[in-house]
Amino acid sequence: MYQFTGRAGEEVVIEVYARRLGSPMDALVRLIDITGKVVAWNDDHEDKGMGLQTHHADSYLTATLPTTGAYFVQVSDAQHHGGAEYSYAARIGPKMPDFALRMTPASVNITAGLAGEITVYALRKDGWDGDIEVTLKDAPKGFVLSGGRIPAGRESVRMTLTAPQIPWRQKAEPMSIALEGRARVGEAVITRPVIPTERQMQAFAYYHLVPSQRLEVMLGRGVRNAPTIALPDGAPVRIPAGGRADVTCVIKPMPPMELRFALDNPPAGVMLEEAKVVAEGVMLVLGADEKAAGAADNLIVQVYTEMEFKRPDGETMKRRVEVGVLPAIPFVIVAR
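For reference, each letter of the sequence shown is one residue, going 161 to 496 in the numbering used here.
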C-alpha cells in the first residue's frame with residue numbers, strides 16, 4: 161500500500177512493471193480515497209511495444225483526483241499469489257507524455273526506381289496525441305520517404321519508400337535503412353527511433369509487433385528506360401468535403417502501355433473519381449464525402465495494366481498485371 165497527497169483536479173498516473181520485467185505477477189491496482197472508496201482500478205493493460213508477450217498482465221491507469229487530500233494505491237496479485245519472485249516496480253505521479261514508434265515489415269523488396277509500402281505505428285503514452293513527423297535517418301542516396309506524417313490521434317499510417325534508379329544490368333544488394341520520428345511534446349521537441357518489426361498472429365485473432373534488429377531493403381533490378389515517378393511536393397492535398405481536388409504525379413517518360421490506377425484500401429469517405437494522362441504524367445482527381453471533414457491520412461495508389469492472352473480454346477482474355485504503387489499521397493479533408 162502506498163500513500164500520497166493530491167489536489168482536486170490533478171491527474172495522476174499509476175503504472176506497474178512486473179510481467180514486462182520477467183516477474184510472474186498478474187498485477188491489480190486500485191486507487192482509494194481517504195474514505196475507503198475505490199476511485200479507479202485496473203487489472204490488465206496492453207503494451208503493444210512488448211513484442212511476443214501474450215499476457216499483458218501489468219496494470220496502468222490514469223485518474224483525475226476528485227478532492228484534495230490523502231490517497232492510497234493498493235498493488236496486489238489478481239490471482240492471489242505471492243513470494244520473493246513476485247517483484248515489481250511502480251510509477252505513481254503526473255503524466256509523462258511520450259511516444260514510441262514501430263514499423264512493418266522489417267524487410268522490404270522494392271524494384272529500383274519504384275515505391276514500396278510500409279506501415280508506421282505510433283505507441284502513444286500517457287494520453288499524448290500530437291502529430292509525428294517521420295523521416296529517413298542517414299539513408300543511402302536516392303531513397304525517398306513519402307507520406308511521413310502521423311496525424312494527431314492516429315495510431316498507424318501507411319507510407320511509401322521509393323528506391324533510387326540503378327542501371328538495369330546492375331546486381332542489387334540488400335542494405336539497411338533507418339527511420340526516426342520527431343514531435344513536439346509540451347515545450348520540448350523529442351526524437352524517437354522507428355523500430356522495424358514483423359506483424360505476427362497469435363491464435364487466429366491477436367497480432368504482435370515482433371522487433372527485428374534492422375530494416376533490410378532489397379532492391380530488385382530495374383527495367384530499361386524506367387520512368388522517374390514523383391509527386392510535386394509533400395504538402396497534403398486539400399480536398400473539400402463533398403467536393404474534388406486533383407494532384408499530378410510526375411511520370412517521365414510515360415511507359416508505352418496503358419496504365420490504370422486504383423486506391424488501395426482507402427480511408428472511408430475518399431474516392432478516386434478520375435485518372436487521366438497529362439503532359440507531366442498522370443492527374444488524379446480525388447473526391448471526398450461531405451461528412452468526412454477533418455479526416456487526414458495517406459492514399460496508396462496501385463498502378464496496373466491489362467494484358468491480353470489466349471486460352472487453350474482460343475478465346476482472348478484480359479489479365480491484370482500489377483506494376484507497383486505511386487508514392488504515398490497525403491491528404492486532408494477541409495470544410496467548404
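We put the beta carbon where it would ideally sit given N, CA and C, even for glycine. Note that the structure is a prediction, hence the values are computed from the model and not measured.
Same chain, Cβ closer than 6 angstroms to residue i, five either side skipped, listed in chain order
i: threonine 224; result: Glu171
i: tryptophan 201; result: Arg190
i: alanine 312; result: Asp289, Gly290 and Asp291
i: isoleucine 310; result: Ala282, Ile292 and Val317
i: alanine 422; result: Gln462
i: tyrosine 367; result: Arg359 and Met361
i: threonine 271; result: Gly380
i: serine 306; result: Thr320, Pro487 and Ala488
i: methionine 431; result: Gly447
Residue burial classification, residue i (beta-carbon count within 10 angstroms, cutoff 16)
i: valine 198; result: exposed
i: glycine 196; result: exposed
i: alanine 395; result: exposed
i: leucine 274; result: buried
i: leucine 375; result: buried
i: threonine 320; result: buried
i: alanine 206; result: Sequence inspection shows glutamate at residue 206; the alanine mentioned does not correspond to that position. Under this definition glutamate 206 is an exposed residue.
i: arginine 349; result: Note on residue identity: the sequence assigns valine, not arginine, to residue 349. It is exposed - the Cβ of valine 349 has fewer than 16 other Cβ atoms within 10 Å.
i: valine 356; result: One detail in the question is off: residue 356 reads as proline in this sequence, not valine. The residue in question, proline 356, is buried, as its Cβ has 16 or more Cβ neighbours within 10 Å.
i: aspartate 457; result: buried
i: alanine 364; result: Note on residue identity: the sequence assigns phenylalanine, not alanine, to residue 364. With fewer than 16 other Cβ atoms within 10 Å, it is exposed.
i: valine 354; result: buried
i: glycine 308; result: buried
i: glycine 243; result: exposed
i: glycine 474; result: exposed
i: valine 442; result: buried
i: proline 413; result: exposed
i: glycine 276; result: buried
i: tyrosine 162; result: exposed
i: valine 437; result: exposed
i: proline 254; result: exposed
Own chain, CB closer than 7 angstroms to residue i, minus 5 neighbours either side, in chain order
i: phenylalanine 259; result: Ala282, Leu283, Arg284, Lys285, Trp288, Ile292, Ala343 and Arg352
i: alanine 390; result: Val410 and Pro487
i: valine 176; result: Ala187, Val189, Asp218, Ser219, Val235, Tyr248 and Ala250
i: glycine 346; result: Pro257
i: valine 370; result: Gly211, Leu212, Thr357, Glu358 and Gln360
i: proline 426; result: Leu459
Reduced DSSP secondary structure (H/G/I, E/B, other) of residue i
i: leucine 212; result: coil
i: arginine 479; result: strand
i: leucine 181; result: helix
i: histidine 368; result: strand
i: aspartate 218; result: coil
i: arginine 471; result: coil
i: isoleucine 460; result: coil
i: glycine 196; result: coil
i: serine 267; result: strand
i: glutamine 163; result: strand
i: proline 487; result: coil
i: alanine 223; result: strand
i: threonine 351; result: strand
i: tyrosine 248; result: coil
i: methionine 256; result: coil
i: leucine 283; result: strand
i: leucine 391; result: coil
i: glycine 169; result: coil
i: leucine 446; result: strand
i: threonine 228; result: coil
i: glutamine 239; result: coil
i: glutamine 373; result: coil
i: arginine 496; result: coil
i: arginine 381; result: coil
i: tryptophan 201; result: strand
i: alanine 453; result: coil
i: glycine 290; result: coil
The ligand SAH heavy atom lying under 7 angstroms from the CB of residue i
i: glutamate 333; result: With respect to the ligand SAH, the structure shown offers nothing to examine, as it has no ligands at all.
Chain-order list of residues whose beta-carbon lies under 8 angstroms from that of residue i (same chain, five-residue window excluded)
i: glycine 169; result: Thr224 and Leu225
i: threonine 141; result: Beyond the ends of the chain as shown, which are 161 and 496, falls residue 141; an answer cannot be given.
i: aspartate 237; result: Met185, Asp186, Ala187, Leu188 and Tyr246
i: glycine 229; result: Thr165, Gly166, Asp193 and Ile194
i: alanine 481; result: According to the sequence shown, residue 481 is valine rather than alanine. Answer for valine 481: Tyr464, Thr465, Glu466 and Met467, listed in chain order.
i: threonine 388; result: Gly273, Gln325, Val410, Ile411 and Lys412
i: glycine 429; result: Ala448, Asp449, Lys451, Ala452, Ala455 and Ile493
i: glutamine 239; result: Asp186
i: valine 233; result: Met161, Tyr162, Gln163, Phe164, Ile174, Val189, Arg190, Leu191, Ile192, Ala250 and Ile252
i: isoleucine 497; result: The displayed coordinates of the chain run from 161 to 496. Any statement about residue 497 would go beyond what the structure contains.
| said: Using 8 angstroms as the cut-off, can you tell me whether the stretch 465-480 makes contact with the stretch 392-407, which would need three or more C-beta pairs spanning the two stretches below that distance? | reply: Flag = no, the stretch 465-480 and the stretch 392-407 do not touch.
| query | Enumerated in chain order, which unbroken segments of the alpha helix (DSSP H) with a length of 4 residues or greater are wholly contained in the stretch 293-347? | reply | None, since the stretch 293-347 contains no complete alpha helix (DSSP H) of that length.
| field | Continuous beta strand (DSSP E) assignments of at least 3 residues falling wholly in the stretch 396-442 | value | 397-400, 404-412, 420-423 and 430-437
| request: Assess, as a yes-or-no matter, whether the stretch 249-264 is touched by the stretch 333-343 under the definition of 3 or more beta carbon pairs within less than 8 angstroms. | output: Yes: at least three Cβ pairs fall under 8 angstroms.
| request: Examine the Cβ distances between the stretch 167-184 and the stretch 207-217 and report whether three or more of them are shorter than 8 angstroms. | output: yes
| Should the stretch 319-330 be regarded as contacting the stretch 302-311, the criterion being three or more beta carbon pairs within less than 8 angstroms? | yes
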